[in-house]
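Protein chains: 2
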Amino acid sequence: MVNRRRSRPRVGLTRERVLDAALALVDSDGLAGLSMRKLGAALGVEAMSLYHYVPNKDALLDGLVELVLGMVTPEPPPQHSSWPDWVRQFAVDYRQVLLRHPAVLPLMATRPMPTTSALTTVELGLRRLVRAGLTARQALDILNSVTTFVLGHVLIEARKVPGHEAAAFTPNAMLVDLDEEVFPLISRAMKKEGAFDEQARFEYALNAMLEGFALAVARAADQAAAGHPVGRAAERVDGQVADQDQVAGQVAGLDADRSSTDRPTG
Amino acid sequence: MVNRRRSRPRVGLTRERVLDAALALVDSDGLAGLSMRKLGAALGVEAMSLYHYVPNKDALLDGLVELVLGMVTPEPPPQHSSWPDWVRQFAVDYRQVLLRHPAVLPLMATRPMPTTSALTTVELGLRRLVRAGLTARQALDILNSVTTFVLGHVLIEARKVPGHEAAAFTPNAMLVDLDEEVFPLISRAMKKEGAFDEQARFEYALNAMLEGFALAVARAADQAAAGHPVGRAAERVDGQVADQDQVAGQVAGLDADRSSTDRPTG
DNA sequence: TTGACGCGCTTACGTCGTAAGAGCAACCTC
DNA sequence: GAGGTTGCTCTTACGACGTAAGCGCGTCAA
Numbered sequence: 001m002v003n004r005r006r007s008r009p010r011v012g013l014t015r016e017r018v019l020d021a022a023l024a025l026v027d028s029d030g031l032a033g034l035s036m037r038k039l040g041a042a043l044g045v046e047a048m049s050l051y052h053y054v055p056n057k058d059a060l061l062d063g064l065v066e067l068v069l070g071m072v073t074p075e076p077p078p079q080h081s082s083w084p085d086w087v088r089q090f091a092v093d094y095r096q097v098l099l100r101h102p103a104v105l106p107l108m109a110t111r112p113m114p115t116t117s118a119l120t121t122v123e124l125g126l127r128r129l130v131r132a133g134l135t136a137r138q139a140l141d142i143l144n145s146v147t148t149f150v151l152g153h154v155l156i157e158a159r160k161v162p163g164h165e166a167a168a169f170t171p172n173a174m175l176v177d178l179d180e181e182v183f184p185l186i187s188r189a190m191k192k193e194g195a196f197d198e199q200a201r202f203e204y205a206l207n208a209m210l211e212g213f214a215l216a217v218a219r220a221a222d223q224a225a226a227g228h229p230v231g232r233a234a235e236r237v238d239g240q241v242a243d244q245d246q247v248a249g250q251v252a253g254l255d256a257d258r259s260s261t262d263r264p265t266g
Numbered sequence: 001m002v003n004r005r006r007s008r009p010r011v012g013l014t015r016e017r018v019l020d021a022a023l024a025l026v027d028s029d030g031l032a033g034l035s036m037r038k039l040g041a042a043l044g045v046e047a048m049s050l051y052h053y054v055p056n057k058d059a060l061l062d063g064l065v066e067l068v069l070g071m072v073t074p075e076p077p078p079q080h081s082s083w084p085d086w087v088r089q090f091a092v093d094y095r096q097v098l099l100r101h102p103a104v105l106p107l108m109a110t111r112p113m114p115t116t117s118a119l120t121t122v123e124l125g126l127r128r129l130v131r132a133g134l135t136a137r138q139a140l141d142i143l144n145s146v147t148t149f150v151l152g153h154v155l156i157e158a159r160k161v162p163g164h165e166a167a168a169f170t171p172n173a174m175l176v177d178l179d180e181e182v183f184p185l186i187s188r189a190m191k192k193e194g195a196f197d198e199q200a201r202f203e204y205a206l207n208a209m210l211e212g213f214a215l216a217v218a219r220a221a222d223q224a225a226a227g228h229p230v231g232r233a234a235e236r237v238d239g240q241v242a243d244q245d246q247v248a249g250q251v252a253g254l255d256a257d258r259s260s261t262d263r264p265t266g
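Protein chains in written order, with UniProt numbering: chain A, 1 to 266; chain B, 1 to 266.
See below:
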């Protein structure tokens, strides 16, 4: 009765601060631990106040995805490296970023990503690959497959991360549970090399994938050169010839935008 | 006032019926449309009755995952086919099944899968691959990567499926939205061949991946044969030699379980 | 100084998962 | 058939959730 609505000092929130706090909350309490009320409390504010910065909870979740994706900075242009090397590096970095916020992964898997900034990253990647001689189509296929693979891999990897919901078992606990009589091959494969190195598994598969793509690309190029357009090769012929000048234009423009686009506000 | 608690005829529910109804509900209304009350209503029952068949909602969701995964039947043994062919077929089938219930995908991505039946499927796949000459470790890596890739691909694919939450845009709508000036390469790559064939994209990447794996496997075998054990090759030497008899036993047992395990209650 | 606007607040509604426990229906045993 | 047991379905209730509506104070421009 005494406490008649004392001064309400402005807290100075921002959409950014809200998103940061949400990410922190999700990182520590899991996705299920994120509610408008708790997020408000974490910011010293009532739940409804958040609606001044975010139209609804779904938008907040989208913001989280955007926030994490934004942490994937397309690396500086590696001089003298092949396109598979560049893609590999990108995939490795991408995985690292995602692993840093495993609780957000389900959102990544669910929510639509095509924000402008995500598309920009993709466009930039395509530009690099096209510059290295790929068709736009090939480049998109490859980038798409690789990012897809990273996401899938990290999703599965993340449910083994100790402090995480739905992960009552670490790999080790799984090993213990596995009945060797019933699943001899699984337990054998997992026992090898003692601890179970996800990073190595990831890179092994990634390398295989890239090697396969490199072969496919080379084959398409050969067939195109031999004037033997069948299947995918045909597409490449069309694409390549028809777009030749446009590609040249692209490449010419590349160096110009290197500094402005490649490094996002150094 | 008249309706004093009339007869309550037993409905004859089962865990199976509950799960089937839940899947139907999710298929038609999306994941968010699944609540215990609505599911009860769909079965002509109050919400709380469901708790006799399922300990809680999480278990229900796990059951859904299990149900869908159970629809992936490891195909009949393809005679005279190489292991990459078999894996490819498996991946294609797997994708088809997942695409049939896109709304369940987020669960697949999130919930722990290692049910006994899933592990059995994996063990069976490993057996086939080992029989074809792979290390248990190689086999697991490959199977893991491929399933991971399928999941990731389908997740991204599914959010473009028309009637789905978070998919206000079909690929076509995306095309419309794409500003060709800002994202020239993306729009170019997507415009090619008119409609955008996800199946072809999927198989293209899958083939590349399998080809890469085949190469890696062959290389490891060569190095092992050349008595040149380095890196992964070394592991293969150890594993292969040490497990030789065990593998033989496995293979011997394979034909015996062909009929009993491969075709689940034809 | 005065107005308007921005921002944090309170209150309230409908929905959710589910704990607790009452009572009927179907079956088992004589 | 009768009587007891088990298990299925129900009602009621609680706390947490997202968020619609609208109040009033702090802050700042004029």
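For each residue, glycine too, the CB sits at the ideal point set by N, CA and C.
Quantities reported herein were computed from a predicted structural model and do not represent experimental measurements.
Beta-carbon proximity list for residue i, same chain, < 7 Å, skipping 5 on both sides
| i | result |
| --- | --- |
| GLY40 (chain B) | GLU46, ALA47, SER49 and LEU50 |
| ASP62 (chain A) | ARG111 |
| LEU67 (chain B) | LEU19 and LEU23 |
| ASP27 (chain B) | HIS101 and ALA103 |
| ALA91 (chain B) | VAL146, VAL150 and LEU206 |
| MET36 (chain B) | ALA47, LEU50 and LYS57 |
| VAL217 (chain A) | LEU134 and GLN138 |
| PHE202 (chain A) | ARG95 and HIS153 |
| ARG10 (chain B) | none |
| LEU60 (chain B) | ALA22 and VAL54 |
CB contact check: residue i to chain B, cutoff 9 Å
| i | result |
| --- | --- |
| ALA224 (chain A) | no |
| ARG111 (chain A) | yes |
| TYR94 (chain A) | no |
| ASN144 (chain A) | yes |
| PRO55 (chain A) | no |
| GLY152 (chain A) | yes |
| THR115 (chain A) | no |
Neighbour flag for residue i against chain A, beta carbons, 9 Å
| i | result |
| --- | --- |
| PRO106 (chain B) | yes |
| ARG10 (chain B) | no |
| VAL182 (chain B) | yes |
| ALA218 (chain B) | no |
| LEU140 (chain B) | yes |
| LEU99 (chain B) | no |
| ALA189 (chain B) | yes |
| LEU185 (chain B) | yes |
| LEU50 (chain B) | no |
Neighbourhood of residue i by C-beta distance below 6 Å, restricted to the same chain and skipping five residues each side
| i | result |
| --- | --- |
| GLU180 (chain A) | SER187 |
| PHE213 (chain A) | ILE142 |
| GLU157 (chain A) | GLU198 |
| PRO84 (chain B) | LEU210 and ALA214 |
| ASP245 (chain A) | Note that ASP245 (chain A) scores 32 on pLDDT, short of 50, meaning its location in the model is unreliable; the coordinates nonetheless yield the value given after this. Closer than 6 Å at the Cβ level, and outside the excluded window around ASP245 (chain A), lies no residue. |
Cβ shell of residue i (< 8 Å), same chain only, five flanking positions each side left out
| i | result |
| --- | --- |
| ALA118 (chain A) | GLU66 and LEU69 |
| HIS52 (chain A) | LEU13 |
| LEU126 (chain A) | ALA136, ALA139, LEU140 and LEU143 |
Proximity test, residue i beta-carbon vs the ligand NAP heavy atom, cut-off 8 Å
| i | result |
| --- | --- |
| ALA32 (chain B) | As presented, the structure is devoid of all ligands, the ligand NAP included, so that no description of it is given. |
Selection of the segment 120-137 of chain B by Cβ proximity to chain A, strictly under 7 Å: VAL122, GLU123, LEU126, ARG127, VAL130, ALA136 and ARG137
Whole runs of the alpha helix (DSSP H) within the UniProt domain "HTH tetR-type" (12-72) of chain A, excluding any shorter than 4 residues: 15-29, 36-42 and 57-69
Mind listing which residues of the segment 61-90 of chain A have their C-beta closer than 7 Å to chain B's C-betas, in chain order? From the segment 61-90 of chain A, no residue has a Cβ closer than 7 Å to chain B.
Positions along the segment 14-48 of chain A whose CB lies within less than 7 Å of some CB in chain B: The residues in question: there are none.
Using a Cβ-Cβ cut-off of less than 8 Å, give me the residues of the segment 204-218 of chain B that come near chain A, in sequence order. Residues TYR204, ALA205, ASN207, ALA208, MET209, LEU210, GLU211, GLY212, PHE213, LEU215 and ALA216.
Restricting to runs no shorter than 3 residues, where is the beta strand (DSSP E) found entirely within the segment 91-141 of chain A? none
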